[in-house]
Amino acid sequence: MTAYTGQKLLDALDAHGLPDWQGLPACIGARFLSGDFATGLELVTRIGAAAEEANHHPDVTLTFPYVAIRLTSHDTGAVTERDLELAGRISELAASAGVVADPKVPALLELGMDTADRDAIAPFWAVLLTGDASNVSGPDVIDPAGQMPLLWFQDCEEHAVPHQRLHVDVSVPAAAAPERIRAAVEAGGTVVDEAQAPSFTVLADADGNRACVCTLENRP
């Protein structure tokens, strides 16, 4: 089964006609504006029935004004046709209930930590964040409960005096990235490096702490 990532995922969403959904790292997400809890609950019930029928189950968050959904195929660690097909069905259910999506809202927070010795610090962070030192997969600390953002480690050289070891990656829809960057600059930030934009743009706060606004556009 084809695993869609990066630009291929964005292209697949376009090809399947899924404007409600946005590509994020290893998943697709949508937020449907139910407006009230009862409407949202009814939509979730319908989505649950469709998921059972497809034998493929999304992560669903029900709140008073909206229903947020993420889809991924855990056996591949990426988005597959199963997710795209179920996403289309969910959009149909929302439309039949008179519920519209806000396609610029979905976002995913990741934490990136620079280190010259990932193996030395990964167990500590896995225990700290998840309570289990074994929750490390490749370069990532994974929270099986889905309560913590993904923490990943980026190789760097040793420094006699450590530089900033922790930065924040915020992944947003490509269409939303320019506004997010503009707002951050207006709030006192600066653009440090936009050579890799729109894949990612490096910003800094007034103290020099860095963070990246990321999208899947033009990524492999």
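Numbered per my numbering, the sequence shown finishes at 214, counting up by one with no gaps. By construction, the Cβ of each residue, glycine as well, lies at the ideal position given by its N, Cα and C atoms.
Ranked by Cα distance from Val164, the first of Leu144, Asp149 and His157 is Leu144. Pairing Pro100 with Ala200, the inter-Cα distance amounts to about 27 Å. Here Asn129 is buried. Its C-beta has 16 or more other C-beta atoms within 10 Å. Taking the Cβ atoms as the reference, Gly140 lies roughly 7 Å from Asp53, within the contact range of under 8 Å. The beta carbon of Ile63 is closer than 6 Å to those of Ala24, Pro52 and Val54 in its chain, skipping five residues each way along the sequence. Distances from the CA of Ile84 to each of Lys98, Glu46, Arg213 and Pro59 were compared; the closest alpha carbon is that of Glu46.
Taking the Cα of Ala20 as reference, the smallest distance to any Cα among Leu27, Ala(-3) and Lys98 is reached at Ala(-3). Under the DSSP assignment, Gly106 falls outside any alpha helix (DSSP H), being part of the beta strand (DSSP E) whose first and last residues are Leu102 to Thr109. Annotated as distal: Leu160 and Asp111, with beta-carbon spacing of 9 Å or more. Trp146: member of the beta strand (DSSP E) spanning Leu144 to Asp149, first to last residue. Arg213 sits in coil when the DSSP states are folded into three classes, being neither helix nor strand. Boundaries of the alpha helix (DSSP H) around Phe118: Arg112 to Thr124. Per DSSP, reduced to three states, the secondary structure at Phe58 is coil, with no helix or strand assignment. Annotation for Ala95: Asp14, Ala24 and Phe26 place their beta carbon closer than 6 Å to its own, counting only its chain and skipping 5 residues before and after. For Ser85, the enclosing alpha helix (DSSP H) begins and ends at Glu75 to Ser90. Taken atom to atom, the span from the alpha-carbon of Ser67 to that of Ser28 is near 26 Å. Look at Gln1 here: in three-state DSSP terms it is helix. In terms of Cβ geometry, Arg174 and Val166 form a close pair [threshold 9 Å]. Judged by DSSP secondary structure, Val179 falls within the alpha helix (DSSP H) whose first and last residues are Ala171 to Glu180.
Linking Tyr60 to Thr195 through their CA atoms gives a straight-line distance of about 29 Å. In terms of Cα proximity to Gly17, the closest of Thr(-1), Ile115 and Leu56 is Thr(-1).
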